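Colleague:
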Amino acid sequence: MNVVSQLVNGLALGAGYALLAVGWTVLLSAARLVNFAHGQLYMLGAFVTWFATTRFGLPYLVAIPVALVAVAALAVVLQLLMTRLTLDQNIVSLMLVTLAFGYLLQGGAGLIFGGDPQIIDSPFQRQDLSLGGARFTGQDVVIIVLALVLYAVAFYVLGRTNVGRMVRGVAEDPKLAQLYGIDAGRVYLVVFVFSAVCAALAGAVVAPRSPILTSIGFEEVIITFLVVVLAGIGNLIGGLVVGMGLGLFTAVFGTYFPPAYSTAAAFVLLLVVLVVRPQGLKAR
Amino acid sequence: MTTADLGTPVDAPPSAAGNRRGLPGAARALGWLVLVVLAYLLPTLLGGSDRIFATVVLIAIFAMMSYGVDIVLSYLGEVSLGHTLFWAAGAYTTALVTVNAGWSPLPALLASVAVTTVLALLLGLATLRTREFVFSLVTYAAAIIGLTVVQNTGALGGSDGIVGVPVFELPAVDGTYVARTNAELWPIALVFLVLVVLLVARFRRSRLGTTALMAQMNGDLATAMGVDVRRTRVLVFVLSAPVTALAGWLYAYQRSYVSPDLLSPTFLLFMLTAVILPGRRLLLGPLVGAALLTSQQQLASLGGDADKIVLGGVLAAALLLSPDGLIGIWRAAVQRVRGNRR
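Listed in order, the protein sequences are those of chains F and L. Using this note's numbering, read the first sequence as starting at 1 and increasing by one per residue. Using this note's numbering, read the second sequence as starting at 1 and increasing by one per residue.
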């Protein structure tokens, strides 16, 4: 395998990781919230897309919005249940509640979608492209472009607009922000739904690369954690860089060692970083 | 620290606490003894079928497993999502040394405890300087990566696990005590359960236990009083791991095989729910929680996916509706009844 194809492989993988992590990073940086059901929302994004294409015969590009709307509706319900905990900034309970939601969603998805592995039929997955000897699919291109666009949008909205200022104000101090007339509960709702939709989108576009199971959410979320902790809590641009970096690391590691251990190797890397630099790659 | 939120302090209503303290020590010890004897007789009183014995043995094992999480969650106020790693490490170490090297149960227990302590120490030290929920993220990642490593490592049996853990045998006065059935395993499970409860009771009164509680309630105050919060955190974490490993050790014998499912979220959710459902910081809380959850899964199972919904739903409902758990509901009810009487 040559260097160019490793690079392309790694970038495609890494863009997928970054796409999976962007929702979490926004949730953390903008609202200081955590969501351990993120992986299950990713899984639901993938499965609803699969369901809409196979059962309703919708084209892939129409099935994606269906999945996003379905997950957004679910996210509204979840966040409304958690409003009191989020306003109290009760992180311990939020971690546990979202973990419980995730498990519940996995059980529910198992009942609805069954226990067999499924494949999402995406037209982009069938487009074989090549560049300088590296072979990749149209799906890889979609993933890379979407990741860059989403990070740019999140960076712009959070950093440069009034909405972003409101969100950051609520993250700083929800009670004080309310004194200024900002509806903190609504801001949390918007941020949580955005984050959930990002997860679902990642599921709809990343998952066609391999067969999906209702249990994938549990394992996929680990990559998100690695990205978030390595980048430093809530470091948006760091998330993109670390996501891409992890993808390259996985691609290179996979050519010399059994690929099954690549996440474990990345985790060992994380432990070393935590000892040397507990705040992650964040400058502050 | 984000741990100032773990519900109300343990304080029972003053009258109840007063009553309990009013009992002389001897009477209290007698009360506990009666409780243990009743627990021992319980499966026989319930008909003594193998299903009943299997259920009570599993309750004891899962309660011990949950006590490890309880020590960290209730007293330190940290959420460890990595205790399934210790649970699996205890079981896998036992399976490895008994199947491959023919060790007997007690040396296998020592090996399990040693391996788990090293693992906990490594994880505890690596997360020493992390703040907030990074500890939870890292412990969670450790458990899930443990799962992929175990599934892909031939020496650990891969996704099939290790089968053929021998029958539990202990040297006894007249030769050996052999536990072939759940009924014969029950006394062993009960003895270890009592030991674990005694350990947790001792921990609650120990200097480490009170320091942990202080660090949880007010980390700054604890630091001002000269407590090394980080050291306390690592010590409590390292103490909790062998408790869960002990349960894993016994589970390997009960099931006679080990497999990667030990690292599945099922056990993680079970441990957390068993601690939180009855109410945190109760000595017998994890036992009550484990008994409720195990009874549902063993005697009234609705199937794998539906049981997931039950377990996740119970945990979410407890946290959203009554963060103090069942005991919180009970206390509120008692208070209301008293208020009505006045």
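Cβ coordinates follow ideal geometry from the N, Cα and C atoms, glycine included. Treat the numbers as computed from the prediction; the structure is a model and nothing was measured.
Taking 8 Å as the cut-off, decide whether the C-beta atoms of residue 46/F and residue 212/F are in contact.
Modeller: What you label residue 46/F is simply residue 46 of the first sequence in a count that begins at 1. What you label residue 212/F is simply residue 212 of the first sequence in a count that begins at 1. In contact: residue 46/F and residue 212/F (Cβ atoms closer than 8 Å).
Colleague: Buried or exposed: where does residue 133/F fall if 16 or more other Cβ atoms within 10 Å of its Cβ makes it buried?
Modeller: Within the first sequence, the letter at position 133 stands for residue 133/F. Label assigned to residue 133/F: exposed.
Colleague: Against chain L, which members of the segment 209-226 of chain F pass a CB distance test of less than 7 Å?
Modeller: Taking 7 Å as the Cβ-Cβ cut-off, the segment 209-226 of chain F approaches chain L at 218, 219, 222, 225, 226, given in chain order.
Colleague: Is the segment 260-273 of chain L in contact with the segment 303-312 of chain L, if contact means three or more CB pairs nearer than 8 Å?
Modeller: yes
Colleague: Determine, using beta carbons only, whether residue 152/L comes closer than 8 Å to chain F.
Modeller: The residue given as residue 152/L occupies position 152 in the second sequence. Yes, its Cβ sits closer than 8 Å to a Cβ of chain F.
Colleague: Have a look at residue 196/L and residue 234/F and give me their C-alpha separation to the nearest angstrom.
Modeller: As a first step, residue 196/L must be located in the second sequence, where it is residue number 196. As a first step, residue 234/F must be located in the first sequence, where it is residue number 234. Their backbone Cα atoms lie some 40 Å apart in a straight line.
Colleague: Can you tell me where the alpha helix (DSSP H) with residue 190/L in it begins and where it stops?
Modeller: As a position in the second sequence, residue 190/L is number 190, starting the count at 1. Unbroken alpha helix (DSSP H) run through residue 190/L: 182-205.
Colleague: What residues are listed by DSSP as bridge partners for residue 162/L?
Modeller: For the purposes of this step, residue 162/L is taken as residue 162 along the second sequence, with counting starting at 1. Paired residues: 258/L.
Colleague: How long is the line joining the alpha carbons of residue 18/F and residue 52/L, rounded to whole angstroms?
Modeller: Along the first sequence, read from residue 1 onward, the residue named residue 18/F stands at position 18. Along the second sequence, read from residue 1 onward, the residue named residue 52/L stands at position 52. Straight-line Cα distance between these residues: approximately 50 Å.
Colleague: For residue 256/F, count neighbouring C-beta atoms within 10 Å of its own C-beta (all shown protein chains included) and say buried if the count is 16 or more, exposed if not.
Modeller: Position 256 of the first sequence, counted from the first residue, corresponds to residue 256/F. Residue 256/F should be labelled exposed.
Colleague: Can you tell me whether residue 343/L is buried or exposed, with buried defined as 16 or more other CB within 10 angstroms of its CB?
Modeller: No answer is possible for residue 343/L: it lies beyond the span of chain L, which begins at 1 and ends at 342.
Colleague: With three or more C-beta pairs closer than 8 Å as the rule, is the segment 198-207 of chain F touching the segment 37-45 of chain F?
Modeller: yes
Colleague: Residue 263/F CB to nearest chain L CB: under 8 Å?
Modeller: Start at 1 with the first residue of the first sequence, and residue 263/F comes out as number 263. At least one chain L Cβ lies under 8 Å of residue 263/F.
Colleague: Of the residues 209/L, 291/L, 239/L, 281/L, which one's Cα is nearest the Cα of residue 117/L?
Modeller: Numbered from its first residue, the second sequence carries residue 117/L at position 117. It is 239/L.
Colleague: Please tell me whether residue 94/F and residue 34/F are closer than 8 Å, where the distance is taken between their beta carbons.
Modeller: Counting from 1 along the first sequence, the entry for residue 94/F is found at position 94. Counting from 1 along the first sequence, the entry for residue 34/F is found at position 34. Closer than 8 Å, so yes.
Colleague: Along chain L, which residues have their Cβ under 9 Å away from the Cβ of residue 79/F?
Modeller: Position 79 of the first sequence, counted from the first residue, corresponds to residue 79/F. Under the 9 Å cutoff, chain L gives no residues; its nearest Cβ is about 12 Å from residue 79/F.
Colleague: At what residues does the alpha helix (DSSP H) containing residue 243/F begin and finish?
Modeller: Numbered from its first residue, the first sequence carries residue 243/F at position 243. From DSSP, the alpha helix (DSSP H) with residue 243/F extends over 236-256.
Colleague: Quick check on residue 93/F: does DSSP put it in helix, strand or coil?
Modeller: In the first sequence, counting from the first residue as 1, residue 93/F sits at position 93. Reduced to three states, the DSSP call for residue 93/F is helix.
Colleague: What residue from 203/L, 331/L, 146/L has the CA that sits closest to residue 88/L's CA?
Modeller: What you label residue 88/L is simply residue 88 of the second sequence in a count that begins at 1. Of the candidates 203/L, 331/L, 146/L, the one whose C-alpha sits nearest the C-alpha of residue 88/L is 146/L.
Colleague: Using three-state DSSP, classify residue 118/F as helix, strand or coil.
Modeller: On the first sequence, residue 118/F is found 118 positions in, with the first residue counted as 1. The answer is strand: DSSP assigns residue 118/F an E or B state.
Colleague: Hey, would you say residue 143/F sits closer than 8 Å to residue 242/F, going by beta carbons?
Modeller: Against the first sequence, residue 143/F aligns to sequence position 143. Against the first sequence, residue 242/F aligns to sequence position 242. Against a cut-off of 8 Å, the Cβ pair of residue 242/F and residue 143/F comes out as no contact.
Colleague: What is the rounded straight-line gap between the Cα of residue 81/L and the Cα of residue 216/F?
Modeller: If you number the second sequence from 1, residue 81/L lands on position 81. If you number the first sequence from 1, residue 216/F lands on position 216. C-alpha separation (whole angstroms): 18 Å.
Colleague: Counting only Cβ pairs nearer than 7 Å, list the residues of chain F close to residue 136/L.
Modeller: Within the second sequence, numbered from 1, the residue matching residue 136/L stands at position 136. Correct list: 95.
Colleague: Return the residue from the list 266/L, 169/L, 199/L that minimises the CA-CA distance to residue 185/L.
Modeller: Counted from its first residue, the second sequence places residue 185/L at position 185. It is 169/L whose Cα lies nearest to the Cα of residue 185/L.
Colleague: Shorter than 7 Å, the distance from the beta carbon of residue 191/L to the closest heavy atom of the ligand ATP, or not?
Modeller: Because no ligand of any kind appears in the structure shown, any question about the ligand ATP cannot be addressed here.
Colleague: Is residue 224/F helix, strand or coil by DSSP?
Modeller: As a working mapping, residue 224/F is identified with position 224 in the first sequence. Three-state DSSP puts residue 224/F in a helix.
Colleague: Would you list, in chain order, the members of the segment 3-16 of chain F that have their beta-carbon closer than 8 Å to a beta-carbon of chain L?
Modeller: none
Colleague: In chain order, what residues of the segment 64-97 of chain L put their CB closer than 9 Å to some CB of chain F?
Modeller: 73, 77, 78, 79, 81
Colleague: Curious, which full-length alpha helix (DSSP H) runs of at least 4 residues does the segment 23-73 of chain F contain?
Modeller: 38-54
Colleague: With a cut-off of 8 Å, do at least 3 Cβ pairs link the segment 132-142 of chain L to the segment 258-267 of chain L?
Modeller: no
Colleague: What is the rounded straight-line gap between the Cα of residue 175/L and the Cα of residue 222/L?
Modeller: Locating residue 175/L in the second sequence gives position 175, where the first residue counts as 1. Locating residue 222/L in the second sequence gives position 222, where the first residue counts as 1. Residue 175/L and residue 222/L: Cα-Cα distance of roughly 53 Å.
Colleague: Determine the chain L residues that contact residue 106/F at a beta-carbon separation under 7 Å, and present them in chain order.
Modeller: Looking up residue 106/F in the first sequence gives position 106. In chain order: 308.
Colleague: Quick one: using the 10 Å Cβ neighbour count with 16 as the cut-off for buried, is residue 77/L buried or exposed?
Modeller: For the purposes of this step, residue 77/L is taken as residue 77 along the second sequence, with counting starting at 1. Classification of residue 77/L: buried, given that the 10 Å Cβ count is 16 or more.
Colleague: Grab the span of the beta strand (DSSP E) containing residue 79/L for me, first residue to last.
Modeller: Mapped onto the second sequence, residue 79/L falls at position 79. Careful: residue 79/L lies outside any beta strand (DSSP E) and carries neither H nor E.
Colleague: Look up residue 72/L in the DSSP assignment and give the residues it is bridged to.
Modeller: The count along the second sequence starts at 1 and reaches residue 72/L at position 72. In DSSP, residue 72/L forms no bridge with anything.
Colleague: Return the residues of the segment 237-267 of chain F that lie within a Cβ-Cβ distance of less than 9 Å from chain L, sorted by chain order.
Modeller: With the criterion set as a beta carbon lying under 9 Å from some beta carbon of chain L, the members of the segment 237-267 of chain F are 258, 260, 261, 263, 264, 266, 267, in sequence order.
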